[in-house]
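This report refers to the structure that appears directly beneath it.
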Amino acid sequence: MSLSSSLISELQQICGENGVMTSEVDRQNYSYDAAVLEPTIPAAVVRPNSKESIGKVISLCNDSGTPVTVRGAGTNLSGGTIPNKNGIVLLTNRMNRIIELNETDMYVRVEPGVVTADLAAQVAAKGLFYPPDPGSQAVSTIGGNVAENAGGLRGFKYGVTKDYVMAVEFFDALGRKVTSGSKTVKCVTGYNLAGLMTASEGTLGVFSEITLKLIPPPAASKAMMAVYDSVETATQTVAAIIADRIVPCTLEFMDNFTINAVEDFANVGLPRDAKALLLIEVDGHPAQVAEDGERIEQICKKLGARAIQVARNDAEKDKVWEARRAALSALARLKPTLVLEDATVPRSQIPAMVSAIEKLALKYDIPIGTFGHAGDGNLHPTLLTDRRDVAHWERVENCVADLFDAALSLGGTLSGEHGIGIAKAGFMKNEVGQSSIDFCRTMKAAIDPNNILNPGKIIGQ
Amino acid sequence: MSELNKLSKSLKEIENQLTDCMKCGMCQAVCPVFKQTGNEGDVARGKIFLLERLAEEMLTDAKGAKTRIEKCLMCGTCAANCPSGVKILEIFLKARAALTEYIGLSPVKRLIFRGMLKHPERMDALVDTAARFQNLGTSKADPNQGTRCSKLLSGVIGNRHFLPLAKTPFHKTYPSLNIPAGHSGLKVAFFPGCVTDKMNPEIGKAVLKVFKHHGVGVFMPKGQACCGIPALASGERNTFDTLLAHNAALFAEESFDYLITPCATCTATIKEIWPMMSEKDSIEKFRAGQWAPKTMDISQFLVDVLQVAPAQKSYAGSHSIEFAGDTVTYHDPCHLAKSLKIKSQPRDLIRANAACTFVEMAEADTCCGNGGSFNLQNYDLSKQIGMEKRQNILASGAGTVATACPACMMQIRDVLSQNHDGVKVKHVIEIYADTIKD
Ligand SMILES: Cc1cc2nc3c(=O)[nH]c(=O)nc-3n(C[C@H](O)[C@H](O)[C@H](O)COP(=O)(O)OP(=O)(O)OC[C@H]3O[C@@H](n4cnc5c(N)ncnc54)[C@H](O)[C@@H]3O)c2cc1C
Ligand code: SF4
Ligand code: SF4
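Going down the list, the sequences are from chains A and B.
Heads up: the first sequence at position 396 corresponds to 437 in this note's numbering, and the numbers run straight through without jumps.
Heads up: the second sequence at position 180 corresponds to 181 in this note's numbering, and the numbers run straight through without jumps.
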């Protein structure tokens, strides 16, 4: 630990005795996140309880050149909350208040530490809808969601977190409060800093308040499962649905490996011999739901679905989604270490991407289960491994690099929703080119001259 | 470092289980302790990480880690919700044993576990004496609950409201039993458990009344000891081993169809932890393994085996006196709901009493905050968690809260008594037994 005792005591003055943790055990406990990466132990963990104290903490850190890594729930999969040595972790979970839920104008103002599912529930209780639903929503925070631009199952129709951010308030690297955006539906006052800050992963500022758009909930919905004997026809169906101008709220894909893992684990009655499944849900006005549902059924049949099960009630709908929800758990139980990748391609390229993944699984002899958001081209090839097995782990690293290459060569991107962090910082250049990285570095250097805000993330050192 | 090396070696046993944790953090959503403190070290992910670091000799403060790992209700909620299926409770129990072996037991715990708990006769004698003198220095706290509190002892027990020790413990009234099977054709071994024995003998009596009514034979050997979980949870494996050997020898004397307890914690311990934690190849391991499938909570036995069903509305045979006209809600003990997945049977048992109305409370299956020794070491936190339970109990509007674990009853009684709430605290078996004529 290398923070001076005077700095510690100043932090304590700002956040209170209990708001600053310096014991070895506490520091160790904030050295990792959900990414499979080496931990780094911070010098201290601070838990501000007010906006003002966030500003004061940052300004102190700026003056002393102490790196600051903000942490919501630490569920990101890219090492975004692995702190810097001699740096501090700034924990937001004491700032978890909903400041204003405005039903008339349909927005909500929250502190960054509000848990996503809690927000969604409170909003639903008022008859409104906050759609972004990352798989981690039971624990992830809004601050983390915005900083990662998190997506979810409903991304296809409802978009991702950025589509709901109306305004942000954050503290910059000098500890100054900055605001951008408005409670109005339209706002073009000045630079779109809310846009810049979304997916900035704590490298440009620390959110202290976020205003999110709310929408009316859909009146009806319908879910179904289509079973395929070939990956090709399943993925062609995805393209055909989109080409037919239908927008399901959810359109999920699951490969044979995942189907069998789910069956072994949850026994939900999936066809083990199916090569792929599509799990589809449409929502909206009841008449439209009925029509879209029927058209999708027809498309599925036309393109060769072996069977289509339409859920007739909530219980059956739940069963459809139980299979999808169980996917990660089922795969997680097969091997000690699970590398959940996130490469994303244009939707028309999904067949090519799925077959590239299958080839890589063979080439590196690594079990890979693929499931994910086919509707938005965001697949989650999940590599099963044991990080203690050095040789296997090395193959995994090479395979992941090849996966990224495959996605990029298909016109895709490194990350659809999990972010860059430190896990993918080294691959950035392949996607955006050196000049783009230089641009970002110049910008970061101007905004954060002492490089204290989550240094090393996204754009490297 | 060489000392740490020893610890690291003894943690090797669980190292494989540790790597199953993928650090997804989903356990944060359900952990009652984390909900209060928001500290990563209080949730499964953080504790598992600390154990990994100890095993890798990357963490020097073993004492600090032990404190974190013990700040846990052992409620199993995290395990029930973990996508990776990490054997969290097994890891924690084994880790606590390894850490205690390394760091040692506090003098107080040494006295309690090695000096008392380990010797059932000594324990009984001590409790007897305590029961006679307990009114000295304690005063009535809440007449509704029958609880007392103690200014004199507040340094030791805080402002807890507790039920006084029973004047006559269950084992004094029924030192042993060996009743042959009646019309059910079944004979069960009965393990009342410490709290029933020493504080709530009426639960034991209700169980016997129900057995008699259903023609169930009962084998209850003399001199039963504690199931061992308090010792094991404190890392005192040696006392646990002794208690298990003692009980295993007693119950081996007679054959039986089922082993029944009215205590969720005892049931889970006998069913899961006895086989898990007994010495490899020992006779105890063999017996525990044989008994595990036969071990049942009383409500599961009544509903699943004896087919006791919710009463029809018109059910005329109800002799219920105590609960007539009452509304009853139910709190799921963690050891039943999370570890053993027993949820419907206790509710069915309450519904079997046609004279009262069952109402569901919100968050019925969240932990009451007792957690055994957790309550002793972290009373304030325990009470905060208990107060949330209290809110839900009150909001249900019930006149009685029933549960299936005497330890939960202690905790719930404390939080209700603190506020003089007047809601009765009962065991589900008491509600069912009330329908049966003496
Ligand atoms: C099981 C599982 C399922 C997942 N499913 C999805 C999914 O479906 N979709 C998806 O998009 N992601 C998913 N994720 C990834 C992760 O949950 C998301 O990235 C989520 O948004 C992270 O939120 P968090 O609160 O945990 O943030 P953290 O992990 O704590 O932080 C994430 C990043 O945000 C920064 N940050 C946090 N708070 C602030 C703040 N107040 N100001 C500035 N920066 C901040 C951090 O510095 C870090 O760089 C999943 C993860 C897991 C483990
Ligand atoms: S839920 Fe399970 S796998 Fe995930 S962090 Fe907690 S213990 Fe580990
Ligand atoms: S056992 Fe209960 S208290 Fe302990 S970590 Fe798990 S959920 Fe939290």
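Quick reminder that beta carbons are idealized off the backbone N, C-alpha and C, glycines included.
| Asked | Found |
| --- | --- |
| Rounded C-alpha distance that separates A:A315 from A:Q339 | 19 Å |
| Unbroken beta strand (DSSP E) run spanning B:K427, endpoints | 425 to 428 |
| C-alpha distance - A:A75 paired with A:K254, whole-angstrom precision | 28 Å |
| Whether A:A208 touches A:G222 by CB criterion (8 Å) | yes |
| Own chain residues within Cβ distance below 6 Å of A:V323, not counting five before or after | K263, P289, V330, D333, G334 |
| Per-residue burial, A:A348 [other beta carbons within 10 Å of its own, 16 or more giving buried] | exposed |
| Proximal residues of chain B, C-beta to C-beta of A:P180 below 8 Å | A small correction: the amino acid at residue 180 of chain A is Val; Pro does not occupy that position in the sequence shown. Those are G26, M27, Q29, A30, listed as they occur along chain B. |
| Presumed contact (8 Å Cβ cut-off) between A:G184 and A:G154, rounded CB distance | 6 Å |
| Same chain only: Cβ atoms within 7 Å of A:V61, ignoring 5 sequence neighbours per side | I49, L52, Q53, A85, V87 |
| Cβ-Cβ distance between B:K67 and B:I104 below 8 Å | yes |
| Reduced DSSP category for A:N439 - H, G, I as helix; E, B as strand; rest coil | helix |
| Three-state secondary structure assigned by DSSP to A:F294 | strand |
| Contact set between A:R374 and chain B, taken where Cβ atoms lie within less than 9 Å | D21, P84, S85, G86 |
| Host beta strand (DSSP E) of A:R150 (start-end) | 148 to 151 |
| CB contact below 8 Å: A:V98 versus chain B | no |
| Buried versus exposed call for A:H326 [16 or more other C-beta atoms within 10 Å across all chains shown] | exposed |
| Extent of the continuous alpha helix (DSSP H) run through B:H247 | 238 to 252 |
| Reference A:A165; option with closest CA among A:L142, A:K376, A:I391 | A:L142 |
| Outcome for A:S119 when other beta-carbon atoms lying within 10 angstroms are tallied against a minimum of 16 | buried |
| Cβ-heavy atom distance, B:V34 to ligand 3, below 7 Å | yes |
| Cβ-based contacts, 7 Å cut-off: residues of the segment 31 to 51 of chain B near chain A | G39, E41, G42, G47, F50, L51 |
| Contact test: A:A114 Cβ vs ligand 3 heavy atom, cutoff 7 Å | no |
| Span of the alpha helix (DSSP H), counted from its first residue to its last, around B:M124 | 121 to 134 |
| Coarse secondary structure for B:R149, derived from DSSP in three states | strand |
| Among B:C228, B:Q308, B:D333, B:S235, nearest to B:A246 - alpha-carbon criterion | B:C228 |
| Through-space distance from B:A190 to B:G224, alpha-carbon basis | 14 Å |
| Chain B within 8 Å of A:V87, Cβ atoms only | no |
| For B:N17 and B:L51, the rounded distance between their alpha carbons | 15 Å |
| Heavy atom of ligand 4 within 7 Å of A:A275 beta-carbon | As for ligand 4, it is missing from this structure, which binds only ligand 1, ligand 2 and ligand 3. |
| 8 Å Cβ shell around A:D305 - same chain, five flanking residues per side excluded | A371 |
| B:G77 CB to nearest heavy atom of ligand 3 below 7 Å | yes |
| Outcome for A:H459 when other beta-carbon atoms lying within 10 angstroms are tallied against a minimum of 16 | buried |
| Anticipated Cβ contact below 8 Å, B:L187 with B:V211, distance rounded | Contact doesn't hold; Cβ gap of about 13 Å is too wide. |
| A:S46, buried or exposed, once every other Cβ within 10 Å from all chains shown has been counted against 16 | exposed |
| DSSP state of B:N411 mapped onto helix, strand, coil | Looking at the sequence provided, one finds Met at residue 411 of chain B rather than Asn. Note: B:M411 maps to helix in three-state DSSP. |
| Cβ-Cβ distance between A:L311 and A:L318 below 8 Å | yes |
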